[in-house]
Structures are given as structure tokens and as C-alpha cells.
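Colleague: Quick note: the sequence shown uses our numbering, first residue 200, plus one each step. Cβ coordinates follow ideal geometry from the N, Cα and C atoms, glycine included.
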Amino acid sequence: MASIENEFVQLIEINLLFAKAELAGTNSDPSALLRALRHINEALRDIRTHKQGQSRDAKKSIRAVA
Numbered sequence: 200m201a202s203i204e205n206e207f208v209q210l211i212e213i214n215l216l217f218a219k220a221e222l223a224g225t226n227s228d229p230s231a232l233l234r235a236l237r238h239i240n241e242a243l244r245d246i247r248t249h250k251q252g253q254s255r256d257a258k259k260s261i262r263a264v265a
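1. Can you look up N226 in the DSSP assignment and give me helix, strand or coil?
2. Among E206, F217 and S202, which one has its Cα closest to the Cα of N240?
3. Ignore the nearest five residues each way along the sequence and tell me which others in L222's own chain have a CB closer than 6 Å to its CB.
4. Which value, in whole angstroms, describes the spacing of the CA atoms of E212 and N205?
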């Protein structure tokens, strides 16, 4: 489980680092803002997906106890 959590954190970090790099180059590349926004949206989507998975796992364990 720790391995999956570590991969999740790395994926979010990569997307945010790409967004940061895109924003650093906005002066010379007007489409960099759109690419940065895409990376941020991907990170947010990954976070929501991860949270939904945790929520489902918690519900399953609650049902197993009951």
C-alpha cells in the first residue's frame, strides 16, 4: 500500500513540476499557460480519483466489520 501511495504522490508532484516549468516560460510561449493549466487539472483529477478509491476502500472495511 505504501508503494501505491508513493507512486500517487510522485505523479502529483510531476504534474505540478511540469506546470511550474510551463509557467516559468510564459514570456516566450503564450500557449505555456494552457499547458500549465492542463498539468494542474491532471493533478486535480488524480487527487479526486485517489480520494474516491480511498472512500470506497473505507466503505468496504466498514461493511466487513458490521
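Modeller: Reading off the structure:
1. Here the question's residue 226 lines up with position 27 in the sequence shown. N226 falls in the coil class under three-state DSSP.
2. Residue 240 sits at position 41 when you count from the first residue of the sequence shown. Minimum Cα distance to N240 is reached at F217.
3. The residue labelled residue 222 in the question sits at position 23 within the sequence shown. Cβ neighbours of L222 beyond the five flanking positions: A235.
4. The residue given as residue 212 occupies position 13 in the sequence shown. The residue given as residue 205 occupies position 6 in the sequence shown. When rounded, the distance between both Cα atoms is 11 Å.
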